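Everything below concerns the one structure shown next.
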Amino acid sequence: MNINLNLYKYFYVVAKMNSFSKAAEELLISQPSLSYSVKTLENTLDKKLFVRTNNKLELTNYGKELFDKISPFMKSIEDDNLDNKIVSGNFVLGTRTLFGQNRLPLYLQTISRLYPDVNIVVKYRTMEELKIGLLNNEFDFIIDENCYNDDKIESEKIIFEDYETIFITGKNNKEYFNNKIIDRNFFNDNPLLVSPLNKFVKDFMDLNKNIKTEHVQSLFVGFNKIKKDNRVMISNTLCSPIELETGEFIKLESNIEIPKAHLYVSKLKNNNAFALKEIYNLFSNYSKEDLF
13 MNINLNLYKY
23 FYVVAKMNSF
33 SKAAEELLIS
43 QPSLSYSVKT
53 LENTLDKKLF
63 VRTNNKLELT
73 NYGKELFDKI
83 SPFMKSIEDD
93 NLDNKIVSGN
103 FVLGTRTLFG
113 QNRLPLYLQT
123 ISRLYPDVNI
133 VVKYRTMEEL
143 KIGLLNNEFD
153 FIIDENCYND
163 DKIESEKIIF
173 EDYETIFITG
183 KNNKEYFNNK
193 IIDRNFFNDN
203 PLLVSPLNKF
213 VKDFMDLNKN
223 IKTEHVQSLF
233 VGFNKIKKDN
243 RVMISNTLCS
253 PIELETGEFI
263 KLESNIEIPK
273 AHLYVSKLKN
283 NNAFALKEIY
293 NLFSNYSKED
303 LF
């Protein structure tokens with residue numbers, strides 16, 4: 013769905029001013045042209061955005077949701093006078109391989125359609141290398157599991173409603189684990205498999221120090237182990253989305269406290285380039301459902 017950014021801008025101004033005529037004056041375009049643009053957006057989205065009740069213009073429920081979603085971006089556009097600035101340039105993003113493979117393409121597709129003059133080069137690094145690279149200006153921004161927010165770096169949470177830390181096992185173990193609730197005692201004889209310390213694994217281990225664990229060299233080594241011998245591994249829905257969707261791995265129920273997993277986008281506080289701020293805001297404000 014390729015939608016001109018101006019259509020969202022026109023809709024936003026009409027909704028904010030609650031009037032087509034006042035919005036047309038604000039935007040310096042004719043009212044028929046504005047009405048046609050909003051109708052084009054409605055047809056493209058296949059949703060009604062406005063209704064008239066007793067000659068009063070009102071947003072539909074979907075219109076209210078859309079207005080709330082795009083308001084942060086439109087306010088940014090107003091504040092920075094986007095009419096005199098172009099969102100363009102080359103930017104380097106540092107991230108982890110799993111995010112880059114599983115979720116990043118959705119963002120890059122959206123960015124290329126909203127900002128065709130923006131080019132993003134993606135570089136994959138370990139968690140430790142990402143922060144160092146950002147501080148050394150190797151990256152314009154990074155995405156990982158850490159919220160930095162210190163004197164040099166600012167971080168914003170990325171919206172992933174379905175991103176969570178979980179216990180998984182292979183599909184061949186389904187019968188063994190059927191209706192079984194995993195508790196701490198289970199790992200006395202079958203140590204929990206953990207990969208090299210990702211942030212979500214570290215948070216879990218800090219909270220559950222008395223659980224027996226077995227370290228594996230990589231996620232993929234762990235994935236091979238849980239396909240047999242009734243083994244359990246701690247992972248998250250970003251690490252193994254395809255395997256979970258196809259049933260290759262199954263999520264196990266547990267009464268053990270598992271910290272919530274999050275991803276963050278981070279940039280240097282002193283890097284206030286206009287185009288970079290627009291891309292940064294897109295990562296921090298768009299949910300998966302907003303990407304197209």
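Numbering (the working numbering), first residue to last: 13 to 304.
Ideal placement from N, C-alpha and C gives every residue a C-beta, glycine not left out.
Given the structure is predicted, the values throughout are model-derived calculations rather than measurements.
Inset, instruction - Would you give the residue range spanned by the beta strand (DSSP E) that K135 belongs to? - result: First-last of the beta strand (DSSP E) with K135: 130-136.
Inset, instruction - Return no unless some Cβ of chain B is closer than 9 angstroms to the Cβ of N236. - result: Within the model displayed, chain B is absent; a lone protein chain is all it includes.
Legend entry - Beta-carbon spacing of L53, Y74 below 9 angstroms: no
Legend entry - Backbone secondary structure at F232 - three-state DSSP: helix
Inset, instruction - Compute the distance between the beta-carbons of F151 and I268, then report whether it is under 9 angstroms. - result: no
Inset, instruction - Report the residue ranges of all alpha helix (DSSP H) runs contained in full by the region 206-275; include only those spanning at least 4 residues, in chain order. - result: 211-219, 231-237, 253-258
Legend entry - First and last residue of the uninterrupted beta strand (DSSP E) at D156: 153-156
Inset, instruction - Using beta-carbon positions only, say whether C159 and Y292 come within less than 9 angstroms of one another. - result: no
Legend entry - Boundaries of the alpha helix (DSSP H) in which V99 is found, first to last residue: V99 -> no alpha helix (DSSP H), and no H or E assigned at all.
Inset, instruction - State buried or exposed for K279, treating a residue as buried only when at least 16 other CB atoms are found within 10 Å of its CB. - result: buried
Legend entry - When I132, Q229, Q43, L110 are compared against G101, the one with the closest alpha-carbon: I132
Legend entry - Three CB pairs or more closer than 8 angstroms across the region 61-70 and the region 107-118: no
Legend entry - Identity of the residues DSSP links to V277 by a beta bridge: I155, E168
Legend entry - Backbone CA spacing between L46 and Y22 [nearest angstrom]: Distance from the CA atom of L46 to the CA atom of Y22, rounded to whole angstroms, is 7 angstroms.
Legend entry - Length of the line joining the Cα atoms of M13 and N149: Confidence at M13 is low in this model, with a pLDDT of 49, below 50, so its placement is unreliable and no value can be given for it.
Inset, instruction - Check whether the Cβ atoms of L71 and V63 sit closer than 9 angstroms, and answer yes or no. - result: Yes, these two residues count as a Cβ contact at 9 angstroms.
Legend entry - Secondary structure of R115, DSSP reduced to three states: coil
Legend entry - For L71, the three-state DSSP class (helix, strand or coil): strand
Legend entry - Cα-Cα separation between S83 and I171, rounded to whole angstroms: 16 angstroms
Legend entry - Burial state of N210, where buried means 16 or more other Cβ atoms lie within 10 Å: buried
Legend entry - For S49 and I165, the rounded distance between their alpha carbons: 40 angstroms
Legend entry - alpha helix (DSSP H) segment containing I291, residue limits: For I291, the enclosing alpha helix (DSSP H) starts and ends at 286-297.
Legend entry - Within 9 angstroms, strictly: CB atoms of K60 and L78: no
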